[in-house]
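Notes to accompany the following structure.
Number of protein chains: 2
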Amino acid sequence: MMDYPLLLRSFLLRAAKYFPKKEILSIYPDEIFRYTYGDYFKRTCQLANALESLGIKRGDRVASLALNNHRHLELYFGVPCMGAVLHTANFRLPTQHLSYILNHAEDKVLFIEEDLVFIVEAIRDQLKTVEHFVILSQSGKLPETTLSPAYSYDEWISEFPEEYDFPEDLNENDPALMCYTSATTGDPKGVVYTHRSIVLHTYAVGVTFGTLESDCALHIVPMFHANAWGLPFICVGGGTKQILPGRETLNMEKICRIIADEKVTVTCGVPTIWLMLYDYLEKGGKYDFSSLRVIASGGSACPLYLMKGLNEKYNFPIRQAYGGTETSPLATAALEKSYMTDLSPDELYSVRNSAGLLALGLDMRIVNAETGKDVRMDGEEMGEIWLKGPWIADEYYKEPERSKLSFVDGWFHTGDVGTMDEEGYVRLVDRTKDLVKSGGEWISSVDLENIIMAHPKVVEAAIIGVPDPKWQEVPFGCIVIQPGETLTAEELQEFLKDKVKASYWIPKEFAFMDALPKTSVMKFDKKGLREMYAEGKLT
Amino acid sequence: MMDYPLLLRSFLLRAAKYFPKKEILSIYPDEIFRYTYGDYFKRTCQLANALESLGIKRGDRVASLALNNHRHLELYFGVPCMGAVLHTANFRLPTQHLSYILNHAEDKVLFIEEDLVFIVEAIRDQLKTVEHFVILSQSGKLPETTLSPAYSYDEWISEFPEEYDFPEDLNENDPALMCYTSATTGDPKGVVYTHRSIVLHTYAVGVTFGTLESDCALHIVPMFHANAWGLPFICVGGGTKQILPGRETLNMEKICRIIADEKVTVTCGVPTIWLMLYDYLEKGGKYDFSSLRVIASGGSACPLYLMKGLNEKYNFPIRQAYGGTETSPLATAALEKSYMTDLSPDELYSVRNSAGLLALGLDMRIVNAETGKDVRMDGEEMGEIWLKGPWIADEYYKEPERSKLSFVDGWFHTGDVGTMDEEGYVRLVDRTKDLVKSGGEWISSVDLENIIMAHPKVVEAAIIGVPDPKWQEVPFGCIVIQPGETLTAEELQEFLKDKVKASYWIPKEFAFMDALPKTSVMKFDKKGLREMYAEGKLT
């Protein structure tokens, strides 16, 4: 068989040649920008030529600080297909982390969304390697900025030819994109995706969800978050219509209207988004969601009531999926098996709300740390999830020491604790570090949070383990209640009584808060909560 | 990213662990044998242990001369996953070709379907490398045979453990299966598939047809024919139910009943089969085919009337696909694009009856031999189809000289002549060697055959170019008419008058025959027809 490298090039050229009429949409507050894969390809060629004119060579890093829109999508293919590496930076990171990752990746060019320029201006002096600033402005004009040299993306690329001979002689193991995890401890850690890993992950996403040319994908997951979970790649490869909602991602009225108007079939996002959507719909929004076929939820556990409510009241059929920055991210997806037609609704939701079944092409172990063996397939025994496969990272970028902690003997130790049931469905119990061990027994903070969040007056709940003289550690609840409602610790304890696995699961203490602190990827910041508790700030 | 090899092992282990309850069926004249992926895995482990006991090592070749059934499917994974190479031999080959390929591949073990043992007994003395004969008998017992040493497959493997530690340290470029083309000139030529090529082809089949666990696949294509077009691999990888119809493949009543009873969703086959099916249905068979989702037709052109008739009268929705032994085989598939909803029925059939669009992951050129450039995307200009990609062969096994003719500068020259329309759909015009060049103008034998086969009294038609003193070459028609009907050359010429592109397309002479000679893969044997013509046997 031919020694033919797996490159993103073949995805891009296929879209350009066979699907030049298919559409890509960027949603702005005041307009919907539409163009075609034909236009997309021309501008991607212009971008590659423009990068070359700056002296960007194979392996050079180029960063984006950008929203989900067509310009960012041009970077997604233009940069790696000309041989450079796109570093998609998370603009929600604390500024010291942001300057850290741009320096650590040694980014030479920085592409910046117009309304994020102020962030970069503030850290300009810390940036050691960036030589050029390119502003992604909707007007196409260069805004006023202290950054220099700075160009307006549209003006800049328009000077260059609409053709580019994307190289075929890259190695499939060459880096293509990179992304930093929002580490809860220490500096962010970089993960480098190769052409090979992305191509294989894309195929796996395709066969998992049956994604086809006839789909229409809405990218709710930020494009700096594990490559928007790979959805842009399967779309370009398949010639699939895609919609990039930019700042409007959090505008639920707009999102609902787009799903209905454009007949969106596929989307994915974190539970925080689904929660906002649910709240919006509960206030009376009515939309036709019948086109939706696959909605993947990941990043953190999707509360069961939310999954049920969205599905049953609004025909919005969520399935969970599991993975992280280190896993490209698809590791497992909670699709029910075809013979599960006689399951009760509750059993079916239990399947759909699990982390799911292993994706085709990966290898997984769930290892009981005490026995060192794989857990039983009984849905009870807990262990750490280990993963192996062609789209699983084997190191953190330029971090040999920290890499050794997570990548051991060919396995990625995820730090997630889970179980596997007899059908092979994984259920996440907790992060190893978030598990609460009380009187020698494990308590899953995630399970407990889900139970509490099912209380009608509760909006958000986070459980942390706090020191206890008698039980070593006990669960502590951090609760956000619905505006205008009241709720006491006693009422919550009463509510939990017949719902938890054992009475020691019920927190003795709660803090009622206006909002829970979140990490830059919208997860509950439990490290922050533990620090607040230690400082006596949670009462 | 991890340096993790693409191996068939991960498909097999996934089916065993996550889909042990899903079914595999073998159809026999007098029974339907059913077992599960759980059973399948145990027997595949037994097979691997049994092969090891014979001293079979990595890279050794093991041949099958077998029908489509569960034992053959056990060989499909057991042999390559333990490191050896499965050579699926075509039992329809002339015996001198059969002994040639078994010797050429240096097969050490030969697995033989019970009712094909007589073929091997007849060529036993010519076989130079086979050391063991394993008979695949439905009874499980060893039949009487002159072959020695011979074992009954079921008895033999039953002695071995139901567990096997399939190696993880194979190289993804190691050979996994091999298959010989039925060369029309000279000895058959071998193509070796690697673990990598099969894994990638499988993903591509999956994303092309959206194949999922919920599908039910019927394997009509012989398993010795380019790995049954890869369908067994996507089924095992996806945990998809599969049905192997053995000798009953040609029993149309049985095939129709299975499709309806088992709710088959996916199948593929050559037009000869669809023709038999159509004839059978035309005699009054009524079946519920509503479960069918994808039916791929390939190997040779599917006549348009057949595609239309099956779809419109019987709800049997065929799409064409294109490829060959050297291409694993999927190269293109004729799925319409989602925006083609306003095409007229004729336009839509023209798309579905094309060879289709390039599969995701390949590179293709259609090259005009005279200009050396890619043909225009106008559906008119003809050129030879060249292919490149990770599941395209780069040589014929141990044939350096003949390889040079087909594999040139990194491209596989298919020998097929085609066009590409403005939407990117390929249409096959002919084999380079079957094109008729009359008075300096090209005539597509395939197009002409399709037009003739649309005549209600014609069953089969093959066009060959024959020498002509004035026009260098003219088309000659070999025709099989419906039993009991009569048809003259003049009537056919009259019929063709307003249907062909130009009057010189109309054959001056026809031979009316009882049947057309076919190759071992059921294509019209045009080389044989040309020889018959030269010998004066066609009148």
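Chains as they are written, first to last, in this note's numbering: chain A, 49 to 587; chain B, 49 to 587. Quick reminder that beta carbons are idealized off the backbone N, C-alpha and C, glycines included.
For residue j and residue i, the rounded distance between their alpha carbons
| i | j | result |
| --- | --- | --- |
| Lys556/B | Asn401/B | 28 angstroms |
| Met130/B | Phe272/B | 20 angstroms |
| Gly513/B | Ile527/B | 14 angstroms |
| Ile160/A | Asn117/A | 12 angstroms |
| Tyr212/A | Pro53/A | 19 angstroms |
| Ser486/B | Lys90/A | 43 angstroms |
| Glu169/B | Leu115/B | 18 angstroms |
| Lys575/A | Ser339/B | 52 angstroms |
| Lys334/B | Leu352/B | 22 angstroms |
| Leu56/B | Val255/B | 18 angstroms |
| Arg119/B | Leu184/B | 7 angstroms |
| Arg413/A | Asp336/B | 43 angstroms |
| Thr193/A | Thr297/A | 26 angstroms |
| Ser206/A | Thr92/A | 11 angstroms |
Residue i at chain A interface by Cβ criterion, 8 angstroms
| i | result |
| --- | --- |
| Pro438/B | yes |
| Val255/B | yes |
| Leu164/B | no |
| Tyr251/B | yes |
| Thr467/B | no |
| Met226/B | no |
| Thr242/B | yes |
| Tyr66/B | yes |
| Gly420/B | no |
| Gly427/B | no |
| Trp411/B | In the sequence as displayed, the identity of residue 411/B is Asp instead of Trp. Yes, Asp411/B lies at the interface with chain A (some Cβ there is under 8 angstroms from its Cβ). |
Pair within 8 angstroms by beta-carbon distance, residue i and residue j
| i | j | result |
| --- | --- | --- |
| Asn299/B | Leu225/B | no |
| Ile72/B | Tyr88/B | yes |
| Ala369/B | Ala349/B | no |
| Thr242/B | Asn221/B | yes |
| Phe47/A | Leu195/A | Look at the range of chain A in this structure, 49 to 587, and you will see that residue 47/A is not part of it. |
| Ser230/B | Leu95/B | no |
| Ser320/A | Cys264/A | Contrary to the premise, residue 320/A reads as Thr rather than Ser in this sequence. The answer is no: Cβ separation not under 8 angstroms. |
| Gly258/B | Leu260/A | yes |
| Pro438/B | Leu248/B | yes |
| Leu113/B | Phe139/B | yes |
| Gly409/B | Ser58/A | yes |
| Ala98/B | Ala137/B | no |
| Val318/A | Gly287/A | no |
| Val477/A | Met430/A | yes |
| Val239/A | Glu374/A | yes |
| Ile75/A | Lys302/A | yes |
| Val178/A | Val157/A | yes |
| Tyr66/B | Leu406/A | yes |
Cβ-based burial, residue i [other Cβ within 10 Å; buried from 16]
| i | result |
| --- | --- |
| Trp490/A | exposed |
| Arg82/A | exposed |
| Val456/A | exposed |
| Asp411/A | buried |
| Gln144/A | exposed |
| Ala198/B | buried |
| Lys585/B | exposed |
| Glu443/B | buried |
| Met49/A | buried |
| Phe166/B | exposed |
Interface flag, residue i vs chain B, CB-CB below 8 angstroms
| i | result |
| --- | --- |
| Lys385/A | yes |
| Ser245/A | yes |
| Arg62/A | yes |
| Gly371/A | no |
| Ser402/A | no |
Per-residue contacts from residue i into chain C (C-beta, under 7 angstroms)
| i | result |
| --- | --- |
| Ser262/B | Going by chain labels, chain C is absent from the structure shown, which instead holds the protein chains A and B. |
Margin query: Just to confirm the assignment: which complete alpha helix (DSSP H) runs, minimum length 4, are found wholly within the region 313–371 of chain A?
Written below: 319–330 and 352–362
Item checked: Every unbroken beta strand (DSSP E) within the region 174–233 of chain A, with a cutoff of 3 residues, ordered by chain -> 180–184, 198–200 and 223–229
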